[in-house]
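Below is one structure; the comments refer to it alone.
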Ligand code: GLA
């Protein structure tokens, strides 16, 4: 039941073979960037909160070389289509949609004064798409890293992540926070990327206990609402902060939310309650993790899920079912905690569990979920992995 993570070295070989097969070119540059999973701290990266993601062992790989022209010729394993971008004209949003992430990142480099030479590239991915695991951030960060290789330059990691976030805002129309691009850019083996989203500073915190396993379970559903739903939630939090009359969610207490409850009105008051409580949960979760206090950590993950389900309303039936099954397996069955992860409205759950029981837990999750929904979830384990890098 537990799917294995494809080896990065195999992906790299397949990507350079793909470049040769499809574009008859020899790879001279290969970049890899991972997706992410978030342990806790959801929908608060755009609210000056704290978030605790890590880079997963699933990558987008781009292999390529210069082609002596002024065009980028890009193809991928996902779609047979050959995308040709004219690098002498600023790129605009166009079809196919996946190429907009590349257009946006190219624009970011051009805006910084870089002249990008024509190149051929082939893209391969082991990050499941539409699964709430940030395949889009992985594509942006892989593109940025590939361009660094092409231009023989290195951006400051924070600047690179922000450039990629802007590509997502301007070219994919998603007003996302900084979590996904930071996790993909800053990820390190055995480290969580705890981000203070107010200061924009990441802190790498150890996560190396071999007795702990993080299971990622993809519901295999992606509800339509997701696109507009994200922007609406973000707007609710902005409205809420303005009504409460503070400059930052970090200065808002539970008592402030309660005092403004009527004025905030529904659903903004519940959105506000989620933000304030999730910021506090994430800080407490970091302490619990450091102290190996798994009981507290599990309870915080459960409370996070309930708050996302009831107050922030970004969960869905399938996510709730996966979390319910994990909760039923419980501490005796080796589950420490489970919750939805990422933007929601479908996508994946994250289950923290004991390593020696992980395979059994995955089997139960798969069986019960299939029985209740008719979908076969994709389940795999991941340890914190290396962030975006050039493969040499
Ligand atoms: C998406 C966004 C992130 C973050 C999460 C929710 O993944 O890209 O910035 O807001 O949703 O935590």
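In the numbering used here, the protein residues as written are 22 to 413.
A virtual CB, placed ideally from N, CA and C, is assigned to each residue, including glycine.
beta-carbon residue i near ligand 1 non-hydrogen atom, thresh 7 Å
i	result
residue 59	yes
residue 334	no
residue 56	no
residue 327	no
residue 197	yes
residue 190	no
residue 364	yes
residue 200	yes
residue 155	yes
residue 66	yes
residue 161	no
residue 299	no
residue 101	no
residue 63	yes
Residue i versus residue j: straight-line alpha-carbon distance, rounded
i	j	result
residue 127	residue 243	28 Å
residue 36	residue 118	21 Å
residue 355	residue 375	5 Å
residue 210	residue 251	30 Å
residue 123	residue 180	17 Å
residue 87	residue 171	7 Å
residue 317	residue 325	12 Å
residue 135	residue 92	15 Å
residue 101	residue 72	37 Å
residue 335	residue 300	17 Å
residue 229	residue 333	32 Å
residue 383	residue 192	37 Å
residue 289	residue 258	7 Å
Strand pairing of residue i, partner residues [DSSP]
i	result
residue 227	212
residue 68	Answer is none; residue 68 lacks a bridge partner.
residue 80	55
residue 251	Looking at the DSSP assignment, residue 251 forms no beta bridge with any residue, so it has no partner.
residue 87	140
residue 411	52
residue 93	106 and 140
residue 243	367
residue 238	370 and 400
residue 297	Bridge partners of residue 297: none, in fact.
residue 41	Answer is none; residue 41 lacks a bridge partner.
Assumed close pair residue i, residue j - CB separation to whole angstroms, cut-off 8 Å
i	j	result
residue 166	residue 207	Actually they do not touch by this definition, with Cβ atoms about 13 Å apart.
residue 60	residue 147	So it is not a contact: roughly 21 Å between Cβ atoms.
residue 398	residue 238	5 Å
residue 387	residue 234	So it is not a contact: roughly 15 Å between Cβ atoms.
residue 144	residue 95	7 Å
residue 200	residue 66	4 Å
residue 56	residue 182	About 14 Å; that fails the 8 Å criterion.
Environment of residue i [buried if 16+ CB atoms lie within 10 Å]
i	result
residue 30	exposed
residue 174	exposed
residue 112	buried
residue 292	buried
residue 79	buried
residue 360	buried
residue 47	exposed
residue 411	exposed
residue 319	buried
residue 85	buried
residue 309	buried
residue 116	exposed
residue 64	buried
residue 368	buried
residue 133	exposed
residue 395	exposed
Short CB-CB distance (under 8 Å) between residue i and chain C
i	result
residue 392	You won't find chain C in this structure, because it holds only one protein chain.
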